[in-house]
Amino acid sequence: DTGVSQDPRHKITKRGQNVTFRCDPISEHNRLYWYRQTLGQGPEFLTYFQNEAQLEKSRLLSDRFSAERPKGSFSTLEIQRTEQGDSAMYLCASSLAGSYGYTFGSGTRLTVV
Amino acid sequence: AQTVTQSQPEMSVQEAETVTLSCTYDTSESDYYLFWYKQPPSRQMILVIRQEAYKQQNATENRFSVNFQKAAKSFSLKISDSQLGDAAMYFCAYSAGNNRKLIWGLGTSLAVNP
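Line by line, the protein sequences are chains R and A. Counting from 1 along the first sequence, just add 21 to a position and that's the residue number in my numbering. Counting from 1 along the second sequence, just add 1 to a position and that's the residue number in my numbering.
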């Protein structure tokens, strides 16, 4: 297992377009977290899954954001009708439920122009 | 609500010297973990060190150690014998509860001067 992978690494999109990011966690990890990190800030929690169930969503996650984790493996984060304020790094992390050990991916940097 | 505060946006240290990064947090929980993560320009978050709140002994990992003051809700990171590769953003983070989500500070940018 090569760790947590995120795809794409970079995405440039025009305002109003939809984008989808993918995260492949460590295969044994049943928890998967999404965070957003804007320039000069610390990451902010967006949502997390345990297996295929989405257990918590931040109030930061507007209706334009949706996340899925079908079959409890990889996860996708979709942003509809992107806005310039969505420009950020989107980080994915995985862990075992009950553990405080997290493995992060390298992130997807989204630029909305 | 839990919060994490890092009051030093930027720090610098001479190679081989020691530097301390500050972090304070606020929580009403008694059982929690605290972390220091490093984020180099390559972007991936790397765990530097973590501390369990119920352990009084300060965590140490090679050149990295923490000063955990639970009553003061303070969690500082000391880097000894600083190396050029230590240059990065350092984030303090907190986690507790069933969801184990991380709550982050704003980060401290550390420069290491040769």
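Backbone N, C-alpha and C define an ideal beta-carbon position, used for all residues, glycine too.
R85/R burial status per 10 Å Cβ neighbour count (16 or more: buried): Position 64 of the first sequence holds residue 85/R. That one is exposed.
Which partner residues does I50/A have in the DSSP bridge list? The residue you call residue 50/A lines up with position 49 of the second sequence. In the DSSP assignment, I50/A is bridged to W37/A.
At least three beta-carbon pairs within less than 8 Å, the segment 53-72 of chain A to the segment 24-37 of chain R: no
In chain order, which continuous runs of the beta strand (DSSP E) of length 3 or greater are located wholly inside the segment 71-113 of chain A? Taken in chain order, the complete beta strand (DSSP E) segments of 3 residues or longer contained in the segment 71-113 of chain A are 75-80, 89-97 and 103-105.
Below 8 Å on C-beta distance, what does Q45/A contact in chain R? As a first step, residue 45/A must be located in the second sequence, where it is residue number 44. Here the neighbours are F125, G126, S127 and G128.
Could you spell out where the beta strand (DSSP E) holding I47/R opens and where it closes? What you label residue 47/R is simply residue 26 of the first sequence in a count that begins at 1. Judged by DSSP secondary structure, I47/R falls outside any beta strand (DSSP E); it is assigned neither H nor E.
CB A88/A to CB V113/A, shorter than 8 Å? Working through the second sequence from its first residue, we reach residue 88/A at position 87. Working through the second sequence from its first residue, we reach residue 113/A at position 112. Taking 8 Å as the Cβ cut-off, A88/A and V113/A qualify as a contacting pair.
In the segment 62-84 of chain A, which residues sit with their C-beta less than 8 Å from some C-beta in chain R, listed in chain order? none
According to the Cβ coordinates, are L22/A and Y91/A closer than 8 Å? The residue labelled residue 22/A in the question sits at position 21 within the second sequence. The residue labelled residue 91/A in the question sits at position 90 within the second sequence. Result yes, Cβ atoms of L22/A and Y91/A sit closer than 8 Å.
Could you check if Q84/A is buried or exposed, using at least 16 other CB atoms within 10 Å of its CB as the buried criterion? Reading the second sequence from its first residue, position 83 is the one you call residue 84/A. So Q84/A counts as exposed.
Give me, in chain order, the residues of the same chain whose beta-carbon lies closer than 6 Å to that of S79/R; leave out the 5 immediate sequence neighbours on both sides. Counting from 1 along the first sequence, the entry for residue 79/R is found at position 58. Closer than 6 Å at Cβ, skipping near neighbours: F66 and L67.
Candidates I104/A, T109/A, S110/A and I50/A: which alpha carbon is nearest A2/A's? Counting from 1 along the second sequence, the entry for residue 2/A is found at position 1. Ranking the options by Cα distance to A2/A, first place goes to I104/A.
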